[in-house]
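One structure is given here, and the rest of the page talks about it.
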Amino acid sequence: MQTVFRGRHFIDLEDFTREEVETMLDVSADLKLKFAQGIPTPYLRDQSMFLMFFEQSTRTRNSMEAGFAQLGGHAGFLDSSSMQIAHGESAKDTAIILSRYGHAIACRYCNWGYGNKYLNEMAKWSRVPIMNLQCDLYHPFQALADLMTMKEKFDGNLNRLKVSIIWAYAESHKKPISVPVSQVLLFPRFGMEVTLAHPKGWELPDWVIEKAEANAERYGGTVTVTDDEAAAYRDAHVVIPKNWGNWVTDQTGSAPAGAVKVVDDALKAHRSWKCTEEKIAAADKNVIYMHALPADRNNEVEDSVIDGPHSVVYDEAENRLHTAKAVMTLLMNGR
Ligand code: CP
């Protein structure tokens with residue numbers, strides 16, 4: 014078991030070994046059990062951190078804010094539009110100042126071409142851990158909670174699990190690619206047979222697939238990329254149908270102002286990529302349906318699926334709390 018985390022940044026799970034990710038899951042499970050029993054866990058008492066958001070959030074903000082309070086600290090919420098960032102203050106100056114006031118800085122910045130660079134610039138100057146609350150490339154807290162959920166639902170047996178990450182139609186907003194990117198990189202490291210299915214034109218970047226394949230090669234998983242949606246559902250143990258925006262042909266949302274709603278003819282042509290009961294019936298009889306949420310109900314998924322017996326979306330969302338607490342504890346109070 015690897016246990017040296019103190020002071021490290023949490024921007025991409027690829028920066029942590031498989032053993033270190035397993036430690037995060039062990040600590041998450043311990044914190045979850047203590048929370049269930051009402052046992053206090055004031056591991057970060059008197060510490061303060063900052064939660065900076067360039068975009069909206071329900072789960073991420075509140076799992077961090079509630080989680081940090083449960084660890085005994087205080088997390089200050091910062092809307093970037095009301096910070097001096099809105100007047101052009103740099104990532105460097107913001108990181109240096111906030112790191113003098115507290116013990117960690119967490120940030121969500123999803124805009125394509127900006128978010129990950131911004132986080133890494135802050136990490137370069139901050140004296141305290143920088144945590145990625147989702148950027149244009151990665152959503153490590155989500156992928157970790159997904160892994161915890163799968164481990165729970167399959168009694169810890171992740172090896173050879175057939176997991177399908179499937180593009181789905183949505184109209185609500187142009188969703189970042191960071192969730193499927195983090196999932197397709199992480200799951201093969203745990204020996205899973207990962208299928209990534211999407212219509213032509215919604216590819217993830219080549220470097221992501223190459224890295225995912227290298228992870229599969231190293232850890233005994235597999236990665237299959239297809240535009241055959243039916244094949245992705247067939248016999249799957251886990252299905253994760255979720256929209257992501259077309260970063261290849263559509264660079265809107267790449268200005269600092271924020272992501273925008275994009276519903277054009279190219280998108281509408283793939284309306285049929287919805288998770289339905291009929292598609293779920295082709296999967297393994299014990300298949301679980303996962304979604305990071307928020308879901309675009311009746312576009313990405315039928316109500317009868319997300320509210321049905323295969324759905325674990327609320328357990329998955331709950332695990333955002335326990336995994337967030339584990340990461341904060343390890344990075345801010347560990348060895
Ligand atoms: N899954 C997720 O990150 O949810 P929020 O956008 O509500 O934080």
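Numbering (my numbering), first residue to last: 14 to 348.
Backbone N, C-alpha and C fix where the C-beta goes; we use that ideal spot for every residue, glycine too.
Annotation for leucine 157 indicates a beta carbon at 7 Å or more from all heavy atoms of the ligand CP. Rounded to whole angstroms, the gap between the alpha carbons of alanine 305 and arginine 74 is 14 Å. Within 7 Å of the C-beta of proline 53 there is not a single heavy atom belonging to the ligand CP. Taking C-beta atoms under 8 Å as the contact rule, serine 191 and aspartate 159 fail to qualify, at a distance of about 13 Å. Here DSSP, grouped into helix, strand and coil, assigns asparagine 312 to coil. In chain order, Tyr246, Arg247 place their CB closer than 6 Å to the CB of alanine 295, counting only its own chain and leaving out the 5 sequence neighbours on each side. Apart from the 5 residues on each side of it in sequence, phenylalanine 23 sits with its Cβ closer than 7 Å to the Cβ of Pro142, Met144, Asn145, Pro153, Val340, Leu344 in its chain, given in chain order.
The DSSP-derived three-state label of leucine 57 is coil. Within the DSSP secondary-structure output, valine 236 pairs in a beta bridge with Val207.
For the pair of segments examined, the region 56–65 was found to touch the region 104–119: the number of CB pairs separated by less than 8 Å reaches three.
With a 10 Å radius around the Cβ and a threshold of 16 neighbouring Cβ atoms, isoleucine 301 comes out buried. Under the DSSP assignment, alanine 296 falls outside any beta strand (DSSP E); it carries neither an H nor an E label.
Spanning the alpha carbons of arginine 21 and aspartate 278 requires a straight line of approximately 44 Å.
For the pair of segments examined, the region 322–341 was found to touch the region 36–44: the number of CB pairs separated by less than 8 Å reaches three.
DSSP links valine 251 through a beta bridge to Val176, Ile301.
Remark: C-beta atoms of leucine 132 and cysteine 120 approach each other more closely than 8 Å. Nearest to phenylalanine 203 by alpha-carbon distance, out of Ala183, Ala156, Val221, is Ala156.
Here leucine 64 is bridged, per DSSP, to Phe90, Ala119. In the three-state reduction of the DSSP assignment, methionine 96 falls in the coil class. Minimum Cα-Cα distance from leucine 38 among the listed residues Glu134, Met65, Thr162 corresponds to Thr162. Within the DSSP bridge table, the entry for phenylalanine 200 names no partner. When DSSP states are grouped into helix, strand and coil, asparagine 145 belongs to the strand group. DSSP places serine 324 in the strand class (E or B) of the three-state scheme. No Cβ-Cβ contact shorter than 8 Å links histidine 283 with lysine 175. In the DSSP assignment, glycine 80 falls within the unbroken alpha helix (DSSP H) covering 72–83. Distance check between phenylalanine 67 and each of Ala82, Ser76, Tyr127, Val238 places Tyr127 closest, using alpha-carbon atoms only. For alanine 181, there is no enclosing alpha helix (DSSP H), as DSSP gives it neither H nor E. Remark: the shortest separation between the CB of alanine 305 and any heavy atom of the ligand CP falls under 7 Å.
A distance of 8 Å or more separates the beta carbons of asparagine 172 and glycine 214.
A distance below 8 Å between beta-carbons, with the five flanking residues on each side excluded, links leucine 26 to the following residues of its chain, in chain order: Val34, Tyr151, Pro153, Ala156, Leu157, Ser195, Leu198, Leu199.
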